[in-house]
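First comes the structure, then the notes that go with it.
In structure tokens:
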């Protein structure tokens, strides 16, 4: 029986951003994106949680987080945990204003 060494692939920030933009613009499911970009686990099963995590991080923190390594963002986790990007903050403010207008109406 052969020993299989587990290979951890490190994805570049450019690749992650490309996948996230493709999912958002083309409305791909996470499984479709994982198949398209050949994201399989060593067991052979499809790894669709990885693109889901990237999209979540992109929407919550912006593209800066996509380019950080796990080592970098773990150092400042407590400080940056609840700091959404300016894009996200503006979108939330617009949504709140819209909902307030609906309530008044």
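Numbering (our numbering), first residue to last: -7 to 97. For every residue, glycine included, the Cβ atom is placed at its ideal position computed from N, Cα and C.
* Cα-Cα separation, residue 98 to residue 20 -> Residue numbering for the chain in the displayed model covers -7 to 97; residue 98 lies beyond these limits and cannot be assessed.
* Any 3 or more C-beta pairs closer than 8 Å across the stretch 29 to 37 and the stretch 46 to 59 -> Touching, no, given that fewer than three Cβ pairs across the two stretches are closer than 8 Å.
* In its own chain, which residues sit with a C-beta less than 6 Å from the C-beta of residue 77, not counting the 5 before and 5 after it? -> What you label residue 77 is simply residue 85 of the chain shown in a count that begins at 1. Closer than 6 Å at Cβ, skipping near neighbours: 53 and 54.
* Determine the direct distance from the alpha carbon of residue 92 to that of residue 58, and round the result to whole angstroms. => Translated into positions along the chain shown, residue 58 becomes position 66. Translated into positions along the chain shown, residue 92 becomes position 100. Distance between the alpha carbons of residue 58 and residue 92 is about 33 Å.
* Answer yes or no: do residue 27 and residue 38 have a C-beta to C-beta separation smaller than 8 Å? => Counted from its first residue, the chain shown places residue 27 at position 35. Counted from its first residue, the chain shown places residue 38 at position 46. In contact: residue 27 and residue 38 (Cβ atoms closer than 8 Å).
* Run the CB neighbour count on residue 11, radius 10 Å, all protein chains shown included, and call it buried at 16 or more, exposed below. => Counted from its first residue, the chain shown places residue 11 at position 19. Within a 10 Å sphere around the beta-carbon of residue 11 sit 16 or more other beta-carbons, which makes this residue buried.
* Asked: Applying the criterion that 16 or more other CB atoms from any shown protein chain within 10 Å of the CB defines a buried residue, is residue 95 buried or exposed?
  -> For the purposes of this step, residue 95 is identified with residue 103 of the chain shown, where counting begins at 1. Looking at its Cβ environment, which holds fewer than 16 other Cβ atoms inside 10 Å, residue 95 is exposed.
* residue 17 to residue 40, Cα distance in whole Å? -> On the chain shown, residue 17 is found 25 positions in, with the first residue counted as 1. On the chain shown, residue 40 is found 48 positions in, with the first residue counted as 1. Taking the straight line from one Cα to the other gives about 18 Å.
* 7 Å CB neighbourhood of residue 83 in its chain, flanking five on each side removed -> In the chain shown, residue 83 corresponds to position 91, counting from 1. No residues qualify anywhere along the chain.
* Asked: Just how far apart, CA to CA, sit residue 36 and residue 4?
  -> Translated into positions along the chain shown, residue 36 becomes position 44. Translated into positions along the chain shown, residue 4 becomes position 12. Their backbone Cα atoms lie some 22 Å apart in a straight line.
* **Given residue 47 as reference, the closest of 86, 60 and 22 once Cα atoms are compared** => Translated into positions along the chain shown, residue 47 becomes position 55. Considering only alpha carbons, the answer is 22.
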